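Residue numbers (my numbering): 26 to 190.
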């Protein structure tokens, strides 16, 4: 895969739920999305930045969604589903994957901000299509198969002071 250079067109896809739960479980802190986006782009041409979020009717979530927008992320919002037995589910795996595949013809690099191993197959597909795939996640909670499937991996744990609030 080609090395990083200023003319590369980049799409940044951030799995907010995965990042949130990783940062909370390992550090009891939140993600600095501004620093995350800056590192993901690395001076290249940002084509699109999308944060995939879940609406859970939590306090301050609209403020969080607005902050993501102000930083430069388009937000895609999905409502959490509650089932009859009380269990809850919400994820963006399919939506994120479809967006990545749709963007592949328009970018040189896709940066996946997630540690979810379900995206390893997506990495293989994108790389087969000639798209550079970079993953940014916390090493302690990132799936090995995802790290191995990417062209490069940025361990957010290596720079906690940069990526955590």
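For every residue, glycine included, the Cβ atom is placed at its ideal position computed from N, Cα and C.
Keep in mind that this is a model prediction, so the values were computed, not measured.
>> Taking the beta strand (DSSP E) that residue 38 belongs to, which residues open and close that run?
In response: 34-40
> Do you know whose CA, among 73, 161, 89, 51, lies nearest residue 80's CA?
Replying inline: 89
>> Taking 8 Å as the threshold (beta carbon to beta carbon), is residue 134 in contact with chain B?
In response: This model lacks chain B altogether; it includes just one protein chain.
>> For residue 188 and residue 52, I'd like the C-alpha separation in whole angstroms.
In response: One C-alpha to the other measures close to 11 Å.
> Just how far apart, CA to CA, sit residue 135 and residue 82?
Replying inline: CA-CA distance, residue 135 to residue 82, rounds to 30 Å.
>> Suppose contacts are defined by Cβ-Cβ distances below 8 Å. Is residue 126 in contact with residue 72 by that definition?
In response: no
> Expressed to the nearest angstrom, what Euclidean distance is found between the alpha-carbon atoms of residue 65 and residue 161?
Replying inline: Taking the straight line joining both Cα atoms gives about 8 Å.
> Are the beta-carbon atoms belonging to residue 142 and residue 171 less than 8 Å from one another?
Replying inline: Yes. Within cutoff.
> From residue 158 to residue 28, what distance separates their C-alpha atoms?
Replying inline: 11 Å
> The alpha helix (DSSP H) with residue 69 in it runs from where to where?
Replying inline: Unbroken run through residue 69: none, as it is neither H nor E.
> Among 123, 77, 154, 86, which residue has its Cα nearest to the Cα of residue 139?
Replying inline: 77
>> Considering just the uninterrupted stretch of the alpha helix (DSSP H) at residue 119, what are its terminal residues?
In response: 118-128
> Any idea if residue 47 is buried or exposed, counting beta-carbon neighbours within 10 angstroms, 16 or more meaning buried?
Replying inline: So residue 47 ends up on the buried side.
>> From the DSSP secondary-structure annotation, give me the bridge partner or partners of residue 172.
In response: Residue 172 pairs with nothing; no bridge assigned.
>> For residue 147 and residue 55, which I take to be in contact (beta-carbon distance under 8 Å), what is that distance rounded to the nearest angstrom?
In response: About 26 Å; that fails the 8 Å criterion.
>> Between the alpha carbons of residue 115 and residue 106, how many angstroms are there, rounded?
In response: 6 Å
>> Spatial neighbours of residue 42 within its chain, please: C-beta separation below 6 Å, excluding the five flanking residues on both sides.
In response: 79
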